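In what follows, a structure is listed as structure tokens, so that the remarks can point back to it.
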Amino acid sequence: MVHYGLFMALGLWIVAMSFASEYFLTWLNFLNVARQAAPIVIIAIGMTFVIATAGIDLSVGSLVAFTSCLAATWLADGTPLALVIPAILIVGTVAGIINGYFVTLALPAFVVTLAALVYLRGFAFVYSNGYAVPITNDLFLAIGRGQFLGVHIPIWIAAVVAIVGWFVVTKTRFGLYALAIGGREEAARLMGIKVERIKIAVYGATGFLAALGSIVISARLSNGSPNSGIMLELDVITATVLGGTSLFGGVARIGGTVAGVLFINFVRNGLNLMGVNPFWVQVVTGLILLLAVLLNTVVNRRVEEWARLGDTEREGQT
Amino acid sequence: MTVPFVEMHNISKRFGAVVALRRVNLILQNGEVLGLVGDNAAGKSTLMKILSGAYTPDAGEILVEGTTMKFENPISARTAGIEMIYQDYALVPQLTVTQNIFLGREHMRRRFGVATLDNRRMDSEAGTMFQMLGLRVSSVTSPVQELSGGQQQAVAIARATAFDAKLVIMDEPTASLGVPAIAKVRETIVRLKQNDVAVIMISHRLEDVFSVADRVIVMKHGQVVGMRDVSDTATDEIVHMIVAGTDPRQPAAPDDPEPS
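Chains as they are written, first to last, in the numbering used here: chain A, 75 to 392; chain X, 97 to 356.
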């Protein structure tokens, strides 16, 4: 029920904004919002898996900055694109695997990835000396700016990632085991699930997707910058939690995550179109995160208790 | 005399300075129902966790159908036909009934060249499983957290008995249940026995042991105090053995002052 609440809120906001601004309900505006949302969706799919295992990854924004600096510098040095892209994806995956490894040592994911948030952005500044590096490779820029069938490439990439994410959660052993670990790690272990391996893979996949998101972002902005992706982890976490993926693990909702990202971006877009002071946008984003956590924990628990109570009453009658 | 299904010889286990088990022996025939009783910290659960592969013993030997086994983890014990129903059922609350039953041994099928979960087949098998077991559960696609305690136990029982188990270990199966659910557990044990499946039941409730078990083993301080056929003893005698830690029919046996 809470899950569908987000879709209703998204629908209501779109309807309300359509009346508030004549520019809102246009194909161009929707494409624009979707293109901005695309890299967030890509990374949030990874975050959905991490949170479903009852973990968290705060380092994705810094990883975006670090990999964007690497990509821009390597391209400027004349490294072929066919080498740069796989190398960037490998760097992202390795950074994620390192997070995952420390998490399996029973360190809190919050602290492990907070450390990575700090050191990865540090690497980004060290590597770039603090300067944004412009990107001129046309083929690379096409990843962020090109279109296919009238829809921007980032949107296609995000759609593919979301579909694959949904497939993995609902149809594969890996997805099922990630949920089992998040729901009750001890039970998963007793049933023979290799808990450590799955956790490391989940953080590795999130690192991979952060690198992919980074490629999309730097291709759209045509530079690699150590200041890229600041506070991006908050958008990603807000969207995931808003979408109904449980902060306590065991539940993953890919569709909810996509809707959550769209909701945040449509709210920002609506406020922009109405000419609201941009500084307020940050206030609103913070409040949405608070609302998301509130729905995710308190309201969800109430609804579940209520549902369970209904069940036992019915059982008593039979 | 046929080969026993399980033999445990001289099993010892310590946790740091604490000796949990001291040279324990246990023999179990196919289809036999054994009650394992004793005070808290007598070593019952530790012994069963060793038999189910959750712990490895420091010393001693386990034989299944006459062959020496080394259980490194619960999977290897399960492969040998030994299943355990944990006291807290070890279910994942957010997963469905089906997902819990098949967790770790899912049916897969190929789709687009990828091994994917055959959810439809597992749901339908889980449904049949509950019908055959005569266990009632609202729907195999509901999350386990929405079920009552008795229904959750039904899921745990279905999981333990569905895959050709030869021995089912139950840790305090009646501890937190109401009267109808307890009756269900007893029925289940009787049914398993009829199918030649052995059962070991750890229990505090002697009436449960006396109602279904063939044999009782009493443990205290990590050792076996004594063993009785249920037909040949009474509650009083078992209570005496649990409390005193001695076997009244063997007054000579001292407390085994083993130098360890």
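For glycine and all other residues, C-beta sits at the position ideal for the given N, C-alpha and C. Predicted model, so just to flag it, every value in this text is computed and none were measured.
Inter-residue spacing [alpha-carbon to alpha-carbon] between residue i and residue j
i, j, result
"Ala-313(A)", "Gly-360(A)", "12 angstroms"
"Ala-211(X)", "Arg-205(X)", "6 angstroms"
"Asn-301(A)", "Tyr-201(A)", "12 angstroms"
"Val-269(A)", "Thr-329(X)", "46 angstroms"
"Val-193(X)", "Val-236(X)", "5 angstroms"
"Met-51(X)", "Glu-259(A)", "Residue numbering for chain X in the displayed model covers 97 to 356; residue 51(X) lies beyond these limits and cannot be assessed."
"Ile-162(A)", "Glu-168(X)", "40 angstroms"
"Met-297(X)", "Met-218(X)", "29 angstroms"
"Ala-190(A)", "Val-168(A)", "12 angstroms"
"Leu-213(X)", "Tyr-251(A)", "12 angstroms"
"Val-295(X)", "Thr-331(X)", "20 angstroms"
"Ile-123(X)", "Ile-278(X)", "27 angstroms"
"Leu-188(A)", "Ser-133(A)", "6 angstroms"
"Val-114(X)", "Thr-98(X)", "37 angstroms"
"Asp-267(X)", "Ala-150(X)", "13 angstroms"
"Tyr-185(X)", "Leu-264(A)", "11 angstroms"
"Tyr-205(A)", "Ala-139(A)", "12 angstroms"
"Ile-272(A)", "Phe-248(A)", "7 angstroms"
"Ala-222(X)", "Gly-246(X)", "17 angstroms"
"Ser-288(A)", "Gly-324(A)", "28 angstroms"
"Val-185(A)", "Met-91(A)", "39 angstroms"
"His-203(X)", "Arg-216(X)", "10 angstroms"
"Met-121(A)", "Leu-336(A)", "16 angstroms"
"Gly-278(A)", "Val-275(X)", "49 angstroms"
"Gly-152(A)", "Thr-141(A)", "17 angstroms"
"Asn-211(A)", "Gly-85(A)", "39 angstroms"
"Thr-371(A)", "Leu-363(A)", "12 angstroms"
Boundaries of the alpha helix (DSSP H) in which residue i is found, first to last residue
i, result
"Ser-307(X)", "302-308"
"Arg-342(A)", "328-347"
"Phe-111(X)", "From DSSP, Phe-111(X) is part of no alpha helix (DSSP H) but of the beta strand (DSSP E) over 102-111."
"Lys-140(X)", "140-147"
"Ala-186(X)", "Counting along the chain, Ala-186(X) falls outside any alpha helix (DSSP H), and DSSP gives it neither H nor E."
"Lys-245(A)", "227-245"
"Ile-130(A)", "It is not in any alpha helix (DSSP H) - Ile-130(A) carries neither H nor E in the DSSP assignment."
"Gly-246(X)", "245-257"
Nearest neighbour of residue i, chosen from the options [CA to CA]
i, options, result
"Gly-330(A)", "Met-91(A), Val-89(A), Asn-106(A), Phe-123(A)", "Phe-123(A)"
"Gly-99(A)", "Pro-352(A), Val-350(A), Gly-344(A), Leu-368(A)", "The amino acid at residue 99(A) is misidentified as Gly; the sequence shows Leu. Measuring from the Cα of Leu-99(A), the nearest candidate turns out to be Gly-344(A)."
"Leu-283(A)", "Met-305(A), Ile-231(A), Asn-203(A), Trp-101(A)", "Ile-231(A)"
"Leu-149(A)", "Val-168(A), Ala-198(A), Ser-296(A)", "Ser-296(A)"
"Gln-357(X)", "Arg-110(X), Leu-243(X), Tyr-151(X), Glu-161(X)", "There is simply no residue 357(X) to check, as chain X begins at 97 and stops at 356 in what is shown."
"Thr-175(X)", "Ala-271(X), Glu-161(X), Ala-261(X)", "Ala-261(X)"
"Gln-221(A)", "Val-372(A), Val-242(A), Ala-108(A)", "Ala-108(A)"
"Leu-144(A)", "Ile-229(A), Val-325(A), Asn-339(A), Ala-293(A)", "Ala-293(A)"
"Gly-257(A)", "Ile-158(X), Gln-241(X), Gly-246(X)", "Gln-241(X)"
"Pro-228(A)", "Ala-83(A), Ala-262(A), Asn-106(A)", "Asn-106(A)"
"Gly-318(X)", "Met-144(X), Pro-100(X), Asn-126(X)", "Met-144(X)"
"Ile-116(A)", "Val-234(A), Thr-371(A), Met-305(A)", "Val-234(A)"
"Trp-101(A)", "Val-335(A), Val-225(A), Leu-365(A), Ala-261(A)", "Val-225(A)"
"Glu-157(X)", "Gln-195(X), Thr-142(X), Ser-108(X), Ser-141(X)", "Ser-108(X)"
"Val-308(X)", "Val-286(X), Gly-177(X), His-336(X), Leu-229(X)", "Val-286(X)"
"Ala-112(A)", "Asn-346(A), Val-310(A), Gly-174(A), Pro-352(A)", "Val-310(A)"
"Leu-347(A)", "Ala-180(A), Gly-79(A), Phe-104(A)", "Phe-104(A)"
"Gln-290(X)", "Thr-152(X), Leu-263(X), Pro-153(X)", "Leu-263(X)"
Boundaries of the beta strand (DSSP E) in which residue i is found, first to last residue
i, result
"Asp-325(X)", "319-325"
"Phe-282(A)", "Looking at the DSSP string, Phe-282(A) is not in any beta strand (DSSP E); the run it does join, the alpha helix (DSSP H), is 269-295."
"Thr-164(X)", "163-165"
"Asn-121(X)", "114-124"
"Thr-212(X)", "210-213"
"Met-305(A)", "No beta strand (DSSP E) holds Met-305(A); DSSP gives it neither H nor E."
Supposed close pair residue i, residue j - CB separation, criterion 8 angstroms
i, j, result
"Ile-171(X)", "Gly-266(A)", "4 angstroms"
"Asp-310(X)", "Glu-128(X)", "5 angstroms"
"Val-120(X)", "Val-326(X)", "Contact flag wrong, Cβ pair sits at about 20 angstroms."
"Ile-291(A)", "Gly-281(A)", "Going by Cβ atoms, the distance from Ile-291(A) to Gly-281(A) rounds to 15 angstroms, so no, they are not a contact pair."
"Thr-178(A)", "Ile-274(A)", "6 angstroms"
"Leu-155(A)", "Leu-213(A)", "5 angstroms"
"Ala-326(A)", "Val-238(A)", "Not a contact, Cβ separation roughly 13 angstroms."
"Ala-333(A)", "Phe-81(A)", "6 angstroms"
"Val-367(A)", "Val-315(A)", "6 angstroms"
"Ile-119(A)", "Ile-328(A)", "6 angstroms"
"Leu-302(X)", "Val-133(X)", "7 angstroms"
"Trp-207(A)", "Gly-298(A)", "Before going further, note that residue 207(A) is Val rather than Trp in the sequence given. Sure, about 5 angstroms apart at Cβ, within 8 angstroms."
Cβ-heavy atom distance, residue i to the ligand NAD, below 6 angstroms
i, result
"Arg-263(A)", "Ligands in the displayed structure: none, and consequently the ligand NAD is not present."
Given 8 angstroms as the limit, is there contact between the segment 126-133 of chain A and the segment 313-327 of chain A, that is, 3 or more CB pairs closer than that? Contact between the segment 126-133 of chain A and the segment 313-327 of chain A is present, because at least three Cβ pairs lie under 8 angstroms.
For the segment 191-204 of chain X, list every residue whose C-beta sits within 7 angstroms of some C-beta in chain D, in sequence order. Given the protein chain composition of this structure (A and X), no chain D is represented.
Can at least three beta-carbon pairs, one atom from the segment 179-188 of chain X and one from the segment 247-256 of chain X, be found at a separation below 8 angstroms? yes
Determine contact between the segment 347-367 of chain A and the segment 127-144 of chain X, defined as no fewer than three beta-carbon pairs at a distance below 8 angstroms. no
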